[in-house]
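Q:
There are 2 protein chains.
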Amino acid sequence: MATAHKCAWIDALYAAGLREIEVASFVPPRRLPQMADAAEVVRHALTCPGLTVMALVPNAQGARAALAAGVHKITIPVSASEAHSIANVRKTPTQMVDEVRAIVQLRNEVAPTVQIEAGISTAFGCTLQGDVPEDDVIRLAVAVIAAGADESGLSDTTGMANPAQTRRLFQRVHSEIGDHTGAAHMHNTRGLGLANCLAAYEAGVRTFDSSLAGLGGCPYAPGASGNVVSEDLVFMFEAMGVATGIDIDRLIAARAPLRAGLPGEALYGMVAEAGLPKGWRNAATGQGKAMAPAVTESGAKYG
Amino acid sequence: MATAHKCAWIDALYAAGLREIEVASFVPPRRLPQMADAAEVVRHALTCPGLTVMALVPNAQGARAALAAGVHKITIPVSASEAHSIANVRKTPTQMVDEVRAIVQLRNEVAPTVQIEAGISTAFGCTLQGDVPEDDVIRLAVAVIAAGADESGLSDTTGMANPAQTRRLFQRVHSEIGDHTGAAHMHNTRGLGLANCLAAYEAGVRTFDSSLAGLGGCPYAPGASGNVVSEDLVFMFEAMGVATGIDIDRLIAARAPLRAGLPGEALYGMVAEAGLPKGWRNAATGQGKAMAPAVTESGAKYG
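Protein chains in written order, with this note's numbering: chain A, 3 to 305; chain B, 3 to 305.
(1) Residues of chain B with CB closer than 7 Å to the CB of V273 of chain A, please, in chain order.
(2) Cβ of E22 of chain B within 8 Å of Cβ of M56 of chain B?
(3) Across which residues does DSSP place L312 of chain B in a beta bridge pair?
(4) What residues from chain A crowd round N164 of chain B, counting only those whose CB sits closer than 7 Å?
(5) Kindly confirm or deny that the segment 46 to 54 of chain A and the segment 3 to 21 of chain A touch, where touching means at least three C-beta pairs closer than 8 Å.
(6) Please go through the same chain and pick out, in chain order, the residues whose beta-carbon is closer than 6 Å to the beta-carbon of A71 of chain A, but skip the five residues on each side of it.
(7) Leaving out five residues before and five after Q167 of chain B in sequence, what residues of the same chain have Cβ atoms less than 7 Å from its Cβ?
(8) Report the CB separation of A163 of chain B from M188 of chain B in whole angstroms; it is logged as a contact under 8 Å.
(9) Identify whether G132 of chain A lies in helix, strand or coil by the three-state DSSP scheme.
(10) Taking 7 Å as the limit between beta carbons, can you name the residues of its chain near R103 of chain B, skipping five residues before and five after?
(11) What whole-angstrom Cβ distance do L1 of chain A and M238 of chain A have, given they're in contact under 8 Å?
(12) Shorter than 8 Å from the beta carbon of A18 of chain B to some beta carbon of chain A?
(13) For the segment 110 to 141 of chain B, enumerate the residues whose C-beta is nearer than 7 Å to any C-beta of chain A, in chain order.
(14) Any beta carbon of chain B sitting closer than 8 Å to that of V25 of chain A?
(15) Can you confirm whether G161 of chain A, when its beta carbon is compared against all beta carbons of chain B, has any partner nearer than 8 Å?
(16) Can the beta-carbon of N198 of chain A be found closer than 8 Å to that of G228 of chain A?
(17) Against chain B, which members of the segment 169 to 202 of chain A pass a CB distance test of less than 8 Å?
(18) How would you label N110 of chain B, buried or exposed, when you count the other beta carbons within 10 angstroms and need 16 or more for buried?
(19) Enumerated in chain order, which unbroken segments of the beta strand (DSSP E) with a length of 3 residues or greater are wholly contained in the segment 54 to 78 of chain A?
(20) I want to see whether chain A comes within less than 8 Å of V207 of chain B, judged by CB atoms only; does it?
(21) Can you tell me where the alpha helix (DSSP H) with A17 of chain A in it begins and where it stops?
(22) Can you give me the C-alpha to C-alpha distance between R261 of chain B and R252 of chain B, rounded to a whole angstrom?
(23) Is A285 of chain B close to chain A? Criterion is C-beta to C-beta, closer than 8 Å.
(24) Determine, using beta carbons only, whether A276 of chain A comes closer than 8 Å to chain B.
(25) Determine whether the beta carbon atoms of I78 of chain A and I140 of chain A lie at a separation below 8 Å.
(26) Cβ closer than 7 Å: which chain B residues qualify as neighbours of K280 of chain A?
(27) So, using beta-carbon positions, are A186 of chain B and L214 of chain B closer together than 8 Å?
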């Protein structure tokens, strides 16, 4: 996707009301050449007033580049599955905790206001390893917060989560790290994406990762398909009376620059296809305002 | 779909473990000619030991034919939206309650062991009318039980339900009619089908209508698309540890006779597409056995 298309896409999401967008990944260009323009995309996103500009970084080198570009928030994928961790970032989970510590140190030195999220990938199961013990997930979330991360969420990288497990695991994480609990990052690989978000919401989660038209996946999680569809997720919460601050019509309109930038890519989303119900109205503004910056738009995911 | 294909499809669903299947609709053949073989399909389904053979009937005339064919259970759609009720069955909701009463009387005379379900259609909103007041839905559920129906469930005919509404409405219905509360019949029109089933489950519902590959819709609810996908619904519950008595691999295999009988029809379902997760195992047999006959397979829906 050309840089200009990425910027137009960010503008359209911002116009729809999104106030936290993961705009780029600072990864070695030889591994993901489509992210070589990360700094330029960040620079553009920083022109949107009030937008929290977030970037994914897999290591301290990426963090250095992201901080230099001026991001407000960094997200680091830390895999609970050793097999996925090694395939994805060539480090064990324990080595990744060390990496988080190094990034925190760097942040403290050069950009102390920047927020650091360490999301636990493959928290609900792994395509390579199979089961991922819940105790491993909890231990890792505790470890990244102890290493200085501001928040730690849980990612269903491989689309293996179910609602009972989602609720239980978020409750356990919250009982360990309290308000450091971060986003629910669910995929819709097996159709349970929204049901899992509902379960996470019931467990107290108020930040949800999603992507427009359900784009996404992970090059190192075979068979993993897209994230939860932003349009459908916002529709669910707004229909429930939970105000997100996002205008669904404008969110659906943001599919146009995406389509222009990635012609031929399959776009998912039931609400975009079916249209809003007769008599639709967004949830009252002001109601549930904490949700406003809640939906993170994942431009492209590395882990 | 040829009669032989319908029968092969029923056999495949039965082999997967389904023990309640809505196999036909007894409607005037001039309105739905594809249901002209209803009695023959029922006759075949009756050869499956232990299967509850269910049919949809819109009126007493259809009920007479269904009872003559030997069904075990009748389901009558009673629309809470006057506009949809008139478009669908040319009667007001009040006139439909009278029809339920007439069908109960008939059942009492000719086949007293047959169960009668009156499902409240458009319970969560109507494409024609827009909002459907919750009080209208509750009043109607109470009225059909007072008229002698054994159970009354709620149907999201138009795919407008959200999880908060689903939970609230089922709780209200249950507080009025208790154990007469019937199935949750949700559509996936806007992607919330499974989240709504989860909410209904949390409200105590243990019977869910769904259809293989998400087939379905309603000729008199413009824009309404398919029911919740059986394969994905069973996957959600089994993954949560709720035993359904259904073998997902065999359920997915039941798509073959469906495809043979309806070539060219779009088949939906995320689990069928993505496959079961690595290390998958069904919920322990015996655990949650009450769920065993819980998933109703809707061969084709009239309302």
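The C-beta atom is built at its ideal place from N, Cα and C for all residues, glycine as well. None of the values given here were measured: they were computed from a predicted structure.
A: This is what the structure holds:
(1) The residue you call residue 273 of chain A lines up with position 271 of the first sequence. Within 7 Å Cβ-Cβ: R192 and G193.
(2) Residue numbering aside, residue 22 of chain B sits at position 20 when the second sequence is read from its first letter. Residue numbering aside, residue 56 of chain B sits at position 54 when the second sequence is read from its first letter. In this structure, M56 of chain B lies closer than 8 Å to E22 of chain B by Cβ.
(3) Because chain B is modelled from 3 through 305, residue 312 of chain B falls outside the range shown and cannot be assessed.
(4) For the purposes of this step, residue 164 of chain B is identified with residue 162 of the second sequence, where counting begins at 1. Neighbours of N164 of chain B on chain A, chain order: M238, A241 and M242.
(5) A contact exists between the segment 46 to 54 of chain A and the segment 3 to 21 of chain A.
(6) On the first sequence, position 69 is the one that residue 71 of chain A refers to. Correct list, in chain order: A41 and V44.
(7) On the second sequence, residue 167 of chain B is found 165 positions in, with the first residue counted as 1. If you ignore the 5 residues before and after Q167 of chain B, its C-beta comes within less than 7 Å of the C-beta of F126, all in its own chain and listed in chain order.
(8) Within the second sequence, the letter at position 161 stands for residue 163 of chain B. Within the second sequence, the letter at position 186 stands for residue 188 of chain B. Taking the Cβ atoms as the reference, A163 of chain B lies roughly 6 Å from M188 of chain B, within the contact range of under 8 Å.
(9) To locate residue 132 of chain A, count along the first sequence from 1; it is residue 130. DSSP places G132 of chain A in strand when its eight states are reduced to three.
(10) By 1-based counting over the second sequence, the position of residue 103 of chain B is 101. Taking C-beta separations shorter than 7 Å and ignoring five residues to either side along the sequence, the partners of R103 of chain B in its chain run A149 and G150, following chain order.
(11) Look at the range of chain A in this structure, 3 to 305, and you will see that residue 1 of chain A is not part of it.
(12) Working through the second sequence from its first residue, we reach residue 18 of chain B at position 16. With 8 Å as the cut-off, A18 of chain B does not count as an interface residue toward chain A.
(13) Within the segment 110 to 141 of chain B, G127, T129, G132 and D133 place their CB atoms closer than 7 Å to a CB of chain A, listed in sequence order.
(14) Numbered from 1 along the first sequence, position 23 holds the residue referred to as residue 25 of chain A. Chain B contact via Cβ: absent.
(15) Numbered from 1 along the first sequence, position 159 holds the residue referred to as residue 161 of chain A. It does: the Cβ of G161 of chain A has a partner Cβ on chain B nearer than 8 Å.
(16) Here residue 198 of chain A corresponds to residue number 196 of the first sequence, with the count starting at 1. Here residue 228 of chain A corresponds to residue number 226 of the first sequence, with the count starting at 1. No.
(17) Those would be N190, T191, R192, G193, L194, L196, A197, C199, L200 and A201, in chain order.
(18) Numbered from its first residue, the second sequence carries residue 110 of chain B at position 108. Exposed, since its Cβ has fewer than 16 Cβ neighbours within 10 Å.
(19) The qualifying runs are 54 to 58.
(20) In the second sequence, residue 207 of chain B corresponds to position 205, counting from 1. No, its Cβ sits nowhere closer than 8 Å to a Cβ of chain A.
(21) Looking up residue 17 of chain A in the first sequence gives position 15. T5 to A17 is the extent of the alpha helix (DSSP H) around A17 of chain A.
(22) Against the second sequence, residue 261 of chain B aligns to sequence position 259. Against the second sequence, residue 252 of chain B aligns to sequence position 250. Their Cα atoms are separated by approximately 15 Å.
(23) Taking the first residue of the second sequence as position 1, residue 285 of chain B is located at position 283. Chain A places no beta carbon closer than 8 Å to that of A285 of chain B, leaving this residue out of the contacts.
(24) Translated into the one-based positions of the first sequence, residue 276 of chain A becomes position 274. Interface criterion met: the Cβ of A276 of chain A is under 8 Å from a Cβ in chain B.
(25) Position 76 of the first sequence, counted from the start, is the residue given in the question as residue 78 of chain A. Position 138 of the first sequence, counted from the start, is the residue given in the question as residue 140 of chain A. Contact: no.
(26) As a working note, residue 280 of chain A is residue 278 in the first sequence. The contacting residues are T129 and G132.
(27) Taking the second sequence and counting its residues from 1, one reaches residue 186 of chain B at position 184. Taking the second sequence and counting its residues from 1, one reaches residue 214 of chain B at position 212. It is not a contact, given that the beta carbons lie outside the stated cut-off.
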